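Student: Chains as they are written, first to last, in this note's numbering: chain A, 1 to 150; chain D, 1001 to 1486.
Even for Gly, the Cβ is constructed at its ideal location relative to N, Cα and C.
Since the model is a prediction, treat every value here as computed from it, not as a measurement.
Here's a structure for you.
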Amino acid sequence: MRLIVPETTMRTIRAEAEAGHPHEVCGFLLGSRRGGERVVGEALPAANQRTDSAADRYRIDADAYRAVEREADRSGAEILGFYHSHPDAPARPSEYDREHAWPSVAYLIVSVREGEAGETTAWRLAEDRSDFESIELEIPVEEENRCPTS
Amino acid sequence: MPDILIPTPLRPHAGGEAKVRVEGNTVEQALASLVATHPDLRTHLYDDEGELRNFVNVYVGDEDVRYRERGATPVEPDEEISIVPSVAGGRVSSPPKSLSGNGSEGPVELSNEEIQRYSRHLIMPEVTLEGQRKLKAASVLAIGAGGLGSPLALYLAAAGVGRLGIVDFDVVDASNLQRQVLHGTRDVGRPKLESAADRLRDVNPHIEIETHETRLTSENAIELFEAYDVIADGTDNFPTRYLVNDACVLTGKPNVYASIFRFEGQASVFAAPGGPCYRCLYPEPPPPGLVPSCAEGGVLGILPGLLGTIQATETIKWILGIGEPLVGRLLLVDALKMGFRTLKLRRDPDCPVCGENPTVTEPIDYEQFCGIDPAADETPEGVEEVSVHETKVAVESGDAELIDVREPFEWEICRIEGARLLPLSELDARMHELDPAKEYHVHCKMGVRSARAIERLQEAGFSRLKNVRGGITAWAEEIDRSMPTY
């Protein structure tokens, strides 16, 4: 599986992650499949329902999920995965991430340190749920004169 | 018959369908019918106890069944059931067992003395007080207090890693001091753990040192590893290296690895989430005897200093969560050229431990896996052994001649009187100098190379050959204690 997030979309995710710091932000990755590729067309922010522990947890509630999936099914888009931020922590899935993960979808993690978005990685849950596998993340630049993202 | 709406992530497991027709009059029956048709869904819907996972929500119509009668909620044939994900995660894992024991859930604090001690860390934006607290809250288990374990433990202690465990069962030998800088001359003969604990407490009295005076085994590895956040492998043999790797994969702990030989070393971080493990790199151990140990092949004393420090660096980066860990990369160090290269490593989906369908689900017998049969010693079959005492008698009486297959530089260090030097590297070319009718006792440093020499001589038609068990090392211990050992 390869996740393709256009650079402009990635910038909105990173900006959201920075603005939300020191809390975790989260949302949906919507788009379409192209063979083994998942091409993100839109990043849709969701409310982090874990107001009790937003610095190290996030949750998108079932109602929010249902609304987005209905809309996606209607418009022909697909939920390709989810993104969330790790404030002041590496962009590696935690054991908690793994325990709560869904199969077949991509998880994009943005590390934010001191309010600045850094390393960004993409993962998918192994079929037997034992682990997260790293997946390729491509960030195509649509326009000229863009600084490369780290 | 009711329909179940399948959410996107589960559709590939339900034949690609968004809606599946099922049988049943209750939610429980309907879900059972679904899983019977699409068994791949089971693991994603239910936990090991058979309960619905807490992030799996089931709706009948627009109502969450948690607010009705859960599994017993009745379903009319024309109603729709929905499986609805809640999506959750977060940066922190549930606290490791090691940290939950002391009952204090709050962040660790630093005393004024500690703040002064770590000031060069605290002023770095990549570390700061928060990073230093992480180091204090962290625990690392070093396997071995030898060449790699020495610099590793010294730097981790100095950096303020709060709980440092060391596994070892050896005593300090004079030949260790050339590289094992944890130990000093006055420690010769002491258990390495005592010596190490003394030294590390002197380096940093603010941390906890835990000593495990035991051999790491398949029986104790899992329990030991569970109690630490990071495992650093400083072992010198293949069975233990595979054991450390497998136990790290099984307990989900990163394996900060290094190994050394003569002038070369390698390092990596194995068993990290999504990354490869040692078995992805080396699925099979080398045949026993092929790769000489440091005792046989030697090692440049500074080399473990270099590699152990790299391990310490990776460990500290891991704890702080900064930089790029050596995950999926193998660092190769050549001290003679002073060259550093990295190779890309890939996780092997067929890996028996960390692959998609693991066959190793608990530690195995690693001596057997590495082809080492403790009962059969290391001598190949068909090679007859004698003790150094028997050799002494046979050589002095003229019944046998003693052949030394070590290299000339070893011969310079020490030799047995009356022995004849015939280095293994020159054996094939100089075999004609030997008389097949005579009896030869063959020795090297410890008995491994001489056994190989005997096999080659046997293939060439020699039959009256005996291998000196323990080599010149045993001779120095049992016959001539004035002889230097190396």
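Looking only at its own chain, which residues have a Cβ that is under 6 Å from the Cβ of Arg50/A, when we skip the five neighbours before and after it?
Tutor: What you label residue 50/A is simply residue 50 of the first sequence in a count that begins at 1. Result list for Arg50/A: Arg57, Tyr58, Arg59, in chain order.
Student: How far does the beta strand (DSSP E) with Ser111/A in it extend, from its first residue to its last?
Tutor: Position 111 of the first sequence, counting from 1, holds the residue named residue 111/A. Unbroken beta strand (DSSP E) run through Ser111/A: 106 to 113.
Student: Do you know how far the Cα of Leu137/A is from the Cα of Cys147/A?
Tutor: As a first step, residue 147/A is located in the first sequence; it is residue number 147 there, counting from the start. As a first step, residue 137/A is located in the first sequence; it is residue number 137 there, counting from the start. Caution applies to Cys147/A, whose pLDDT of 49 falls short of 50 and renders its modelled position unreliable; the value that the coordinates give is listed next. If I take the Cα positions, the gap works out to 17 Å.
Student: Mind pulling the chain A residues with CB within less than 9 Å of Glu1264/D?
Tutor: Against the second sequence, residue 1264/D aligns to sequence position 264. The premise fails here: Glu1264/D is roughly 29 Å from chain A at the closest Cβ pair, so nothing lies under 9 Å.
Student: Checking contacts by CB at 8 Å: is Ala23/A closer than that to chain D?
Tutor: In the first sequence, the residue the question calls residue 23/A occupies position 23. The sequence given here has His at residue 23/A, not Ala. No, His23/A lies away from the interface with chain D (no Cβ there is under 8 Å from its Cβ).
Student: Under three-state DSSP, which class holds His1206/D?
Tutor: By 1-based counting over the second sequence, the position of residue 1206/D is 206. Here His1206/D sits in coil by DSSP.
Student: What span of residues does the alpha helix (DSSP H) with Val1035/D cover, start to end?
Tutor: Sequence index remark: in the second sequence, residue 1035/D carries index 35 (1-based). Where Val1035/D is concerned, the enclosing alpha helix (DSSP H) stretches over 1027 to 1037.
Student: Counting contacts by CB-CB distance shorter than 8 Å, is Phe1270/D in contact with chain A?
Tutor: Taking the first residue of the second sequence as 1, we reach residue 1270/D at position 270. Taking Cβ atoms only, chain A never reaches closer than 8 Å to Phe1270/D, which makes this a no.
Student: Quick check on the DSSP output: the beta strand (DSSP E) that includes Asn1467/D runs from which residue to which?
Tutor: Counted from its first residue, the second sequence places residue 1467/D at position 467. Note, Asn1467/D: beta strand (DSSP E), 1465 to 1468.
Student: Is the Cβ of Pro45/A closer than 8 Å to any Cβ of chain D?
Tutor: Indexing the first sequence from 1 puts residue 45/A at position 45. Output row for Pro45/A: interface = no.
Student: I want to see whether chain A comes within less than 8 Å of Arg1021/D, judged by CB atoms only; does it?
Tutor: In the second sequence, counting from the first residue as 1, residue 1021/D sits at position 21. Not an interface residue.
Student: Would you mind listing the beta strand (DSSP E) stretches within the segment 1199 to 1247 of chain D that are 3+ residues and don't spill past its ends, in chain order?
Tutor: If we require 3 residues or more, the beta strand (DSSP E) runs fully inside the segment 1199 to 1247 of chain D come out as 1208 to 1212, 1230 to 1233.
Student: Does DSSP put Pro1009/D in a helix, in a strand, or in coil?
Tutor: Numbered from its first residue, the second sequence carries residue 1009/D at position 9. Helix.
Student: Any C-beta of chain B within less than 8 Å: which residues of the segment 128 to 144 of chain A qualify?
Tutor: Among the chains of the structure shown, chain B does not appear; the protein chains present are A and D.
Student: Within 8 Å (strictly less), CB to CB, does Ser1094/D reach chain A?
Tutor: By 1-based counting over the second sequence, the position of residue 1094/D is 94. Residue confidence for Ser1094/D is low, a pLDDT of 43 falling below 50, so the modelled location carries little weight and cannot support an answer.
Student: In angstroms, rounded to a whole number, what distance separates the CA positions of Thr1342/D and Leu1326/D?
Tutor: Your numbering for residue 1342/D matches position 342 in the second sequence. Your numbering for residue 1326/D matches position 326 in the second sequence. Going by the C-alpha atoms only, they are around 9 Å apart.
Student: Given a cut-off of 8 Å, decide if Arg129/A and Thr1043/D are closer than it, judged by their beta-carbon atoms.
Tutor: Walking along the second sequence from the start, residue 1043/D turns up at place 43. Walking along the first sequence from the start, residue 129/A turns up at place 129. Taking 8 Å as the Cβ cut-off, Thr1043/D and Arg129/A qualify as a contacting pair.
Student: Return the chain-ordered list of same chain residues with a C-beta closer than 6 Å to the C-beta of Arg1415/D, the five sequence neighbours on each side being excluded.
Tutor: One-based indexing of the second sequence puts residue 1415/D at position 415. There are no such residues.
Student: My assumption, with CB atoms under 8 Å, is that Leu3/A sits in contact with Ala106/A. Please give the rounded CB distance.
Tutor: Here residue 3/A refers to the residue found at position 3 when the first sequence is read from its first residue. Here residue 106/A refers to the residue found at position 106 when the first sequence is read from its first residue. That pair is a contact at about 5 Å.
Student: Could you confirm whether any beta carbon from chain A is found closer than 8 Å to the beta carbon of Gly1090/D?
Tutor: By 1-based counting over the second sequence, the position of residue 1090/D is 90. Yes, its Cβ sits closer than 8 Å to a Cβ of chain A.
Student: What's the C-alpha gap between Ala62/A and Asn1057/D?
Tutor: Along the first sequence, read from residue 1 onward, the residue named residue 62/A stands at position 62. Along the second sequence, read from residue 1 onward, the residue named residue 1057/D stands at position 57. Roughly 7 Å separates the two Cα atoms.
Student: Would you say Leu1421/D and Pro1408/D are within 8 Å of each other, going by their C-beta atoms?
Tutor: As a working note, residue 1421/D is residue 421 in the second sequence. As a working note, residue 1408/D is residue 408 in the second sequence. It is a contact, given that the beta carbons lie within the stated cut-off.
Student: Please list, in chain order, all residues of the same chain as Gly1106/D whose beta carbon is under 7 Å from its beta carbon, the five residues on each side excluded.
Tutor: Mapped onto the second sequence, residue 1106/D falls at position 106. Unreliable positioning characterises Gly1106/D in this predicted model, as indicated by a pLDDT of 46, which lies under 50. The coordinate reading is nonetheless provided below. So the list is empty, once near-sequence residues are dropped.
Student: In whole angstroms, what separates the C-alpha of Glu1478/D from that of Ser1397/D?
Tutor: Taking the second sequence and counting its residues from 1, one reaches residue 1478/D at position 478. Taking the second sequence and counting its residues from 1, one reaches residue 1397/D at position 397. Computed Cα separation, rounded: 19 Å.
Student: Buried or exposed: Pro1002/D, going by 16 or more other Cβ atoms within 10 Å of its Cβ?
Tutor: Numbered from 1 along the second sequence, position 2 holds the residue referred to as residue 1002/D. Pro1002/D comes out buried.
Student: For the alpha helix (DSSP H) containing Asp1428/D, list its first residue and its last residue.
Tutor: Taking the second sequence and counting its residues from 1, the one referred to as residue 1428/D is at position 428. From DSSP, the alpha helix (DSSP H) with Asp1428/D extends over 1427 to 1430.
Student: Which residues bound the beta strand (DSSP E) around Arg34/A?
Tutor: On the first sequence, position 34 is the one that residue 34/A refers to. Per DSSP, Arg34/A belongs to the beta strand (DSSP E) from 26 to 34.
Student: Would you call the CB atoms of Leu1148/D and Leu1307/D closer than 8 Å?
Tutor: Here residue 1148/D refers to the residue found at position 148 when the second sequence is read from its first residue. Here residue 1307/D refers to the residue found at position 307 when the second sequence is read from its first residue. Contact flag set, yes.
Student: Looking at Val1230/D: is its Cβ nearer than 8 Å to the Cβ of Val1084/D?
Tutor: The residue given as residue 1230/D occupies position 230 in the second sequence. The residue given as residue 1084/D occupies position 84 in the second sequence. Contact: no.
Student: Take the Cβ of Arg1495/D as the centre, count every other Cβ of all protein chains shown within 10 Å, and call the residue buried at 16 or more, exposed below.
Tutor: Coverage of chain D is limited to positions 1001 through 1486, which leaves residue 1495/D absent and any answer about it impossible.
Student: Is the segment 1172 to 1179 of chain D touching the segment 1131 to 1139 of chain D in the sense that three or more CB pairs, one from each, lie closer than 8 Å?
Tutor: At 8 Å Cβ cutoff, the stretches do not touch.
Student: Going by CA-CA distance only, name the one from Gly27/A, Arg66/A, Arg14/A, Arg33/A that's closest to Phe82/A.
Tutor: In the first sequence, counting from the first residue as 1, residue 82/A sits at position 82. For the residues Gly27/A, Arg66/A, Arg14/A, Arg33/A, the minimum Cα distance to Phe82/A belongs to Gly27/A.
Student: Got a sec? Which residues, its chain only, sit under 6 Å from Ala1400/D by beta carbon, not counting five neighbours each side?
Tutor: Here residue 1400/D refers to the residue found at position 400 of the second sequence. So the qualifying residues of the chain are Ala1394, Glu1439, His1441.
Student: With distances taken from CA atoms, which of Pro103/A, His21/A, Leu30/A is nearest Glu127/A?
Tutor: Along the first sequence, one-based indexing puts residue 127/A at 127. Comparing Cα-Cα distances from Glu127/A to each of Pro103/A, His21/A, Leu30/A, the minimum goes to Pro103/A.
Student: If you count every other CB in all the chains shown that lies within 10 Å of the CB of Ser1150/D, and 16 or more means buried, which is it?
Tutor: Taking the second sequence and counting its residues from 1, one reaches residue 1150/D at position 150. So Ser1150/D counts as buried.
Student: Excluding five sequence neighbours on each side, which residues of the same chain lie with their C-beta closer than 6 Å to the C-beta of Tyr1257/D?
Tutor: The residue given as residue 1257/D occupies position 257 in the second sequence. Cβ neighbours of Tyr1257/D beyond the five flanking positions: Asp1233, Ser1268, Phe1270.
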